[in-house]
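Numbering (the working numbering), first residue to last: 685 to 905.
Data block below; observations after.
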Amino acid sequence: MNWLPDGGGGGDNGHMQGQHLLQLLLGIIQWIDPPDTVSKEIECGKSESELLDGCRALLSIANVTTPLVFDQLLKSMRPFGTVSLLSALMCEVVKHLMVNYTEEETWSWVARDILLDTWTALLIPMDSAGNNILFPPEGVNAAANLFALIVESELKAASASASTDVNDYDYLQASIAAMDERLSSYALVARAAINITVPLLTRLFSERFARLHQSSVCAVV
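Here you go:
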């Protein structure tokens, strides 16, 4: 397919930037796609360096282009957009974190942070303008699916940490600061699919309040 996206700059400069970004994506796509295969290979002993470099390349692309152009880049070689790949890649990373919960930094911790920065780079300009029209339609579903998995992961992590006795003040402060930074990125992802994520959060809060109420009733009885 010979179609090349305009990099967002307009005219010849924009077209040249689009070509450059496409060549960059072509060079790293095998390091990150398909995400589940890449993750399994790492678990079997392959170095995670290529995956992390691929994540950094996605971040670099996101920093210099718009969500629509970012999404269109992959469509020159795949039946789906780059935002869908970004979502699938981060979902795979989050799944790894859920299965391998540990306080020690792993490759999936590093990948998650890089990919969150990529989402932030894509969504902050759009969020500041208050304009979700600039986000590709399939990206809305990708963001919604990712946010649902993020919520599940963080609830599981919170449950695990609640049973862990940690008295290191510096460690607790660092954990809180890291969570605050992640929450701001999570909020951007949620707002990208607000018609789906708000009902999800409402349902989850209702379920947990109901459990708390039931527990308090049982305790009184």
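Yeah, the Cβ is synthetic: ideal placement off N, Cα and C, and Gly gets one too.
In terms of residue numbering, what span does the alpha helix (DSSP H) encompassing Cys728 cover?
On the sequence shown, position 44 is the one that residue 728 refers to. From DSSP, Cys728 is part of no alpha helix (DSSP H); its letter is neither H nor E.
With burial defined as no fewer than 16 other Cβ atoms inside 10 Å of the residue's Cβ, what is the status of Gly738: buried or exposed?
Against the sequence shown, residue 738 aligns to sequence position 54. Counting the other CB atoms within 10 Å of its CB gives Gly738 a total of 16 or more, which places it among the buried residues.
Does the beta-carbon distance from Thr766 to Leu757 come in below 8 Å?
Here residue 766 refers to the residue found at position 82 of the sequence shown. Here residue 757 refers to the residue found at position 73 of the sequence shown. Here Thr766 is near Leu757, since their CB atoms are less than 8 Å apart.
Which residues in the same chain have their Cβ closer than 8 Å to the Cβ of Ala805, if we skip the five residues on either side of it in sequence?
Numbered from its first residue, the sequence shown carries residue 805 at position 121. Result list for Ala805: Leu743, Ala746 and Asn747, in chain order.
Suppose contacts are defined by Cβ-Cβ distances below 8 Å. Is Val873 in contact with Phe819 by that definition?
The sequence position of residue 873 within the sequence shown is 189, counting from 1. The sequence position of residue 819 within the sequence shown is 135, counting from 1. It is not a contact, given that the beta carbons lie outside the stated cut-off.
Report all residues from its chain with a CB closer than 7 Å to the CB of Asp717; omit the five preceding and five following residues, and keep chain order.
Locating residue 717 in the sequence shown gives position 33, counting from the first residue. So the qualifying residues of the chain are Leu769.
Within the continuous alpha helix (DSSP H) that includes Val748, where are the two ends?
Position 64 of the sequence shown, counting from 1, holds the residue named residue 748. Note, Val748: premise wrong, no alpha helix (DSSP H); not H, not E.
With distances taken Cα to Cα, identify the nearest neighbour of Glu732 among Ile808, Ala877, Gln703 and Thr790.
By one-based count along the sequence shown, residue 732 stands at place 48. Cα-wise, what sits closest to Glu732 is Thr790.
Considering only the alpha carbon of each residue, which of Ser723, Leu710 and Leu799 lies closest to Lys759?
In the sequence shown, residue 759 corresponds to position 75, counting from 1. For the residues Ser723, Leu710 and Leu799, the minimum Cα distance to Lys759 belongs to Leu710.
In its own chain, which residues sit with a C-beta less than 7 Å from the C-beta of Ala772, not counting the 5 before and 5 after it?
As a working mapping, residue 772 is identified with position 88 in the sequence shown. Cβ within range, chain order: Pro719.
Taking the alpha helix (DSSP H) that Ser768 belongs to, which residues open and close that run?
Walking along the sequence shown from the start, residue 768 turns up at place 84. Looking at the DSSP string, the run of the alpha helix (DSSP H) that includes Ser768 is Thr766 to Val783.
Could you give the DSSP three-state label for Asp717: helix, strand or coil?
Translated into positions along the sequence shown, residue 717 becomes position 33. Asp717 falls in the coil class under three-state DSSP.
Can you tell me which of the three DSSP states Thr790 falls into?
Numbered from 1 along the sequence shown, position 106 holds the residue referred to as residue 790. Of the three classes helix, strand and coil, the one that applies to Thr790 here is coil, per DSSP.
Do Val824 and Ala871 have their CB atoms nearer than 8 Å?
Within the sequence shown, the letter at position 140 stands for residue 824. Within the sequence shown, the letter at position 187 stands for residue 871. Their beta carbons are not under 8 Å apart, which means Val824 does not touch Ala871 by this criterion.
Look at Arg740 and Ile808 and say whether their C-beta atoms are less than 8 Å apart.
Residue 740 sits at position 56 when you count from the first residue of the sequence shown. Residue 808 sits at position 124 when you count from the first residue of the sequence shown. No, the Cβ-Cβ distance between Arg740 and Ile808 is not below 8 Å.
Once the 5 residues before and after Gln898 are set aside, which same chain residues still bring their CB inside 7 Å of it?
Residue numbering aside, residue 898 sits at position 214 when the sequence shown is read from its first letter. Within the same chain, Gln898 has no close Cβ partners at all.
Ala827 classed as buried or exposed, judged by whether at least 16 other C-beta atoms fall within 10 angstroms
Sequence index remark: in the sequence shown, residue 827 carries index 143 (1-based). When all chains shown are included, Ala827 counts as buried.
For Arg762, three-class secondary structure by DSSP:
Within the sequence shown, residue 762 is the residue found at index 78, counting from 1. Arg762: coil per DSSP, three-state reduction.
Whole-angstrom distance between Asn784 and Leu839, CA atom to CA atom
In the sequence shown, the residue the question calls residue 839 occupies position 155. In the sequence shown, the residue the question calls residue 784 occupies position 100. Rounded to whole angstroms, Leu839 to Asn784 spans 15 Å at the Cα level.
Span separating the alpha-carbon of Ile712 from that of Ala894
In the sequence shown, the residue the question calls residue 712 occupies position 28. In the sequence shown, the residue the question calls residue 894 occupies position 210. Looking at the two C-alpha atoms, the distance is approximately 47 Å.
Kindly list the residues whose CB is nearer than 8 Å to the CB of Glu891, restricted to its own chain and excluding five residues on each side of it in sequence; keep chain order.
Position 207 of the sequence shown, counted from the first residue, corresponds to residue 891. There are no such residues.
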